[in-house]
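**Student:** Before anything else, here's the structure in question.
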Amino acid sequence: MANTFASDAADFDSTAVVSHASAPNGSISSFFKAIGNRLSTAHQHRVDAEIGEFIQTNGGQLTDDLERQISRRFGAHSGKW
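Next comes the structure, spelled out in structure tokens:
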């Protein structure tokens, strides 16, 4: 088991070792996975809103031509809605 060594934020360097004994296995990775999922979901909501606004400003009906424009303008994100 590793020990924790740190004296001051200014003195903290690569020789300090953080103990993982206080955190259950997977809690750190699941935390970052949850953050990644939330960021991805937020990004998708922004893209969806932008596409919706684009459709409304271009007649409000999804046509073949408008689909092509969306595909060109929004790329890979356009197919996920």
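Going left to right, the sequence shown walks through residues 2 to 82 as my numbering numbers them.
We put the CB at the ideal spot given by N, CA and C, even for glycine.
1) Please classify Ile36 as buried or exposed, where buried requires at least 16 other C-beta atoms within 10 Å of its C-beta.
2) If I'm right that Phe55 touches Ile71 with Cβ under 8 Å, what's the distance once you round it to whole angstroms?
3) Please state the DSSP three-state secondary structure of Asn59.
4) Could you tell me the alpha carbon to alpha carbon distance between Phe33 and Gly76, rounded to whole angstroms?
**Tutor:** Reading off the structure:
1) Exposed: under 16 other Cβ atoms inside 10 Å.
2) Confirmed, about 6 Å.
3) Coil.
4) Looking at the two C-alpha atoms, the distance is approximately 27 Å.
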